[in-house]
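Chains as they are written, first to last, in our numbering: chain A, 11 to 330; chain Z, 126 to 456. Even for Gly, the Cβ is constructed at its ideal location relative to N, Cα and C. What follows is a short report on a single structure.
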């Protein structure tokens with residue numbers, strides 16, 4: 011699991027708006043290893059989805075990568091031609107969005123989606139063969155055979171999301187970026203989907219970046235977790251150390267304010283304040299106005315993101 | 126009607142006709158209905174937070190709308206403070222509605238984008254003609270302070286898009302409270318808020334409940350959140366209540382296999398507690414043709430023959446007062 015598949019170096023992304031410049035992602039360094047599930051968590055506006063979209067160079071205008079590099083299998087994606095990038099999208103890096111309806115063609119049957127995907131990317135397969143492969147794949151996704159000729163609108167949200175994962179599998183993508191894949195699903199369907207995703211991940215040694223605001227989903231599936239706050243990566247660690255002993259005060263507050271059905275306490279801990287306005291971000295550490303451990307230095311100097319223990323990183327002056 | 130109950134729901138049903146194309150209507154005579162709510166009974170006691178939980182399509186939102194009489198019931202009744210809303214004239218319903226307010230999930234959609242925040246909050250004062258123009262502003266400002274929309278004087282003149290998500294939801298809460306209602310129907314009130322904001326809003330809702338002597342109907346799909354606010358909770362599945370009781374009863378001693386599955390499926394923010402329990406097969410069936418007998422039986426691990434034939438009534442769990450379950454095998 012030590013073969014890096016994706017390396018992001020010092021990546022910064024700007025969104026010029028009428029009222030000012032938003033630095034949505036600010037100097038992010040992140041490495042993703044083959045075969046791991048990396049959870050990318052944070053609240054809305056922290057830059058996690060922007061980061062995910064940037065890997066595929068699918069930033070919505072006027073978003074722009076202004077610095078840094080993204081190495082995928084050691085190739086710099088930011089130096090690729092638009093054509094080269096298009097060949098990579100889907101085929102090598104697949105994306106699963108929150109709303110699968112936006113990615114499936116409403117006029118195409120589910121089987122056609124899969125067959126077409128198999129044939130486009132593995133050219134020499136006959137139509138019949140591709141259909142057989144598609145049927146096997148759809149069965150593996152836990153969708154009954156008689157549903158394979160349904161149109162997307164006839165499927166439930168859970169089934170559509172399974173199809174999306176299926177398409178990524180049909181492509182044998184090296185990297186799957188799943189942006190809030192279960193957010194629109196009900197809990198039981200969500201749990202079923204997470205089970206499927208975990209099984210497939212193990213069976214095919216998939217590499218997944220799981221972007222979500224749902225800490226529970228990350229706890230179920232991820233091997234490592236990266237926490238973002240106001241465009242910055244603030245903490246990165248393996249899943250158990252991160253939950254057992256979060257280092258960054260933001261991670262600490264975040265984990266304490268998540269409702270946990272297993273605990274008997276009847277009160278949620280509250281984090282003071284709200285995420286900052288990114289047009290006028292606070293000086294120094296962006297979390298300092300809300301931080302219970304704030305020191306003088308935090309107000310003026312931005313803490314670097316650096317090693318703060320065995321295989322873990324944090325951006326906080328407490329761990330100098 | 127028992128004095129302690131603010132709302133009594135009896136045999137409540139709402140069937141929506143299925144829209145069909147012209148040709149289809151000529152060919153098939155039979156009309157089809159979505160059995161959104163299919164005969165439910167429960168009481169909401171004064172001063173409690175009554176939770177209504179279930180997956181999408183379980184009928185929880187329709188139930189909330191029926192209580193507010195935003196939709197007309199197909200059958201059954203809702204007594205609000207001893208009065209059957211269905212028997213009232215529209216004018217009387219309007220007056221009663223002043224005592225019941227609603228908070229929806231999406232604060233953006235529930236605030237008029239062309240109205241300043243303060244005007245939006247005070248709009249209902251005008252509609253119900255309870256305050257003169259000059260009183261309105263001071264009442265709104267006071268309510269804004271109470272819900273933490275501060276500095277109130279500054280925020281009064283902001284438009285909804287100029288507020289943060291948390292502030293917008295506070296504005297929606299302030300608007301619901303400004304008429305000093307008895308009942309608040311809160312339909313997924315914090316589902317769109319971020320984790321850190323969510324805790325704040327929940328806390329605020331509990332505080333306001335005490336300050337203003339409120340009763341909440343708290344509609345949610347999120348059992349983990351419901352735990353922090355509800356006193357009692359009803360679990361709905363395909364238009365019916367399958368279990369009802371105090372939080373302790375339903376969360377610690379769930380009797381219905383569906384409740385058990387629902388509780389087990391909630392993702393837990395603890396990597397040491399990854400779920401191992403098996404999940405029910407498949408998904409919630411169509412409410413147009415709900416399964417006969419117990420609606421959960423096709424997915425239920427403990428279903429027996431009777432479950433596919435007879436609809437189990439919601440009845441007391443022996444030896445556990447106030448705990449109701451609708452399940453044949455459950456003892």
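Please name the residue in Z:404, Z:347 and Z:395 whose C-alpha comes closest to that of residue 376 (chain Z).
Z:347
Which residues, in order along the region 200-215 of chain A, keep a beta-carbon less than 8 Å from a beta-carbon of chain Z?
200, 201, 202, 204 and 205
Taking the alpha carbon of residue 195 (chain A) as the point to measure from, which residue in Z:390, Z:336 and Z:200 has its own alpha carbon closest?
Z:390
Under a CB-based cut-off of 8 Å, is residue 95 (chain A) close to chain Z?
no
If distances are taken between C-alpha atoms only, which option among Z:283, Z:340 and Z:192 comes closest to residue 302 (chain Z)?
Z:340
Can you tell me which of Z:422, Z:395 and Z:412 puts its alpha carbon nearest to the alpha carbon of residue 406 (chain Z)?
Z:422
Taking residue 70 (chain A) as the reference, which of A:252, A:77 and A:61 has the closest Cα?
A:61
Tell me which residues of the region 224-251 of chain A have at least one Cβ-Cβ distance to chain Z shorter than 7 Å, keeping chain order.
224, 225, 226, 227, 229, 230, 249 and 250
For residue 17 (chain A), which residues of its own chain have a beta-carbon under 6 Å away from its beta-carbon, when the five flanking residues on both sides are left out?
41 and 81
Looking at the secondary structure, which residues open and close the alpha helix (DSSP H) in which residue 248 (chain Z) lies?
242-252
How do the region 133-141 of chain Z and the region 192-207 of chain Z stand: do at least 3 beta-carbon pairs fall below 8 Å, yes or no?
yes
Closer than 6 Å by C-beta to residue 160 (chain A): which residues in its own chain qualify, once you throw out the five before and the five after it? Chain order, please.
120
Strictly under 8 Å for the Cβ-Cβ distance: is residue 352 (chain Z) near chain A by that measure?
yes
In terms of residues, what are the limits of the beta strand (DSSP E) holding residue 45 (chain A)?
Neither: residue 45 (chain A) is in no beta strand (DSSP E) and is coded neither H nor E.
Taking the straight line between their C-alpha atoms, what separation do you get for residue 309 (chain A) and residue 229 (chain A)?
32 Å
Do residue 392 (chain Z) and residue 160 (chain Z) count as a contact pair if the criterion is CB distance below 8 Å?
no
In this structure, how does DSSP classify residue 137 (chain Z) when only helix, strand and coil are distinguished?
Three-state DSSP puts residue 137 (chain Z) in a strand.
Just to confirm before moving on: does the CB-CB distance between residue 103 (chain A) and residue 23 (chain A) stay below 8 Å?
no
Inspect the CB distances between the region 161-171 of chain A and the region 118-133 of chain A and report whether three or more fall short of 8 Å.
By the criterion of at least three beta-carbon pairs nearer than 8 Å, the region 161-171 of chain A is in contact with the region 118-133 of chain A.
Whose Cβ in chain A lies nearer than 8 Å to the Cβ of residue 422 (chain Z)?
Here the premise fails: no neighbours, minimum Cβ distance about 16 Å.
I'd like to confirm the pairing. Which residues does DSSP put opposite residue 106 (chain A) in its beta bridges?
A:188
For residue 383 (chain Z), name the three-state secondary structure that DSSP assigns.
Three-state DSSP puts residue 383 (chain Z) in a helix.
With C-beta atoms as the reference, is residue 186 (chain A) less than 8 Å away from residue 180 (chain A)?
With a cutoff of 8 Å on beta-carbon distance, residue 186 (chain A) and residue 180 (chain A) are scored as not near each other.
If we count Cβ pairs, one from each stretch, closer than 8 Å, do we get three or more for the region 135-145 of chain A versus the region 108-115 of chain A?
no
Leaving out the 5 sequence neighbours to the left and right, which residues in its chain are closer than 6 Å to residue 417 (chain Z) when beta-carbon positions are compared?
none
At a cut of 8 Å, does the region 217-228 of chain A reach the region 33-53 of chain A through at least three beta carbon pairs?
yes
Using a C-beta to C-beta distance shorter than 8 Å, which residues of chain Z count as neighbours of residue 110 (chain A)?
None at all; the shortest Cβ gap to chain Z is about 15 Å.
Return the residues of the region 267-284 of chain A that lie within a Cβ-Cβ distance of less than 8 Å from chain Z, sorted by chain order.
Residues passing the 8 Å Cβ filter: 267, 268, 269, 270, 271, 272, 276, 277, 278, 279, 280, 281 and 284.
Return helix, strand or coil for residue 329 (chain Z), following the three-state DSSP convention.
helix
Could you check whether residue 378 (chain Z) and residue 450 (chain Z) sit closer than 8 Å to each other, using their CB atoms as the reference points?
no
Would residue 196 (chain A) count as contacting chain Z if we go by Cβ distances under 8 Å?
For residue 196 (chain A), the closest Cβ of chain Z is nearer than 8 Å.
Check the C-beta distance from residue 363 (chain Z) over to residue 415 (chain Z) and give it rounded, since I have them as a contact under 8 Å.
5 Å
Beta-carbon separation of residue 207 (chain A) and residue 176 (chain A) under 8 Å?
no
Note down the Cα distance separating residue 67 (chain A) from residue 98 (chain A), rounded to an integer number of angstroms.
11 Å
In whole angstroms, what separates the C-alpha of residue 56 (chain A) from that of residue 260 (chain A)?
In this structure, the straight-line span from the alpha carbon of residue 56 (chain A) to that of residue 260 (chain A) is close to 12 Å.
Looking only at DSSP bridge pairs, what is residue 74 (chain A) linked to?
A:24
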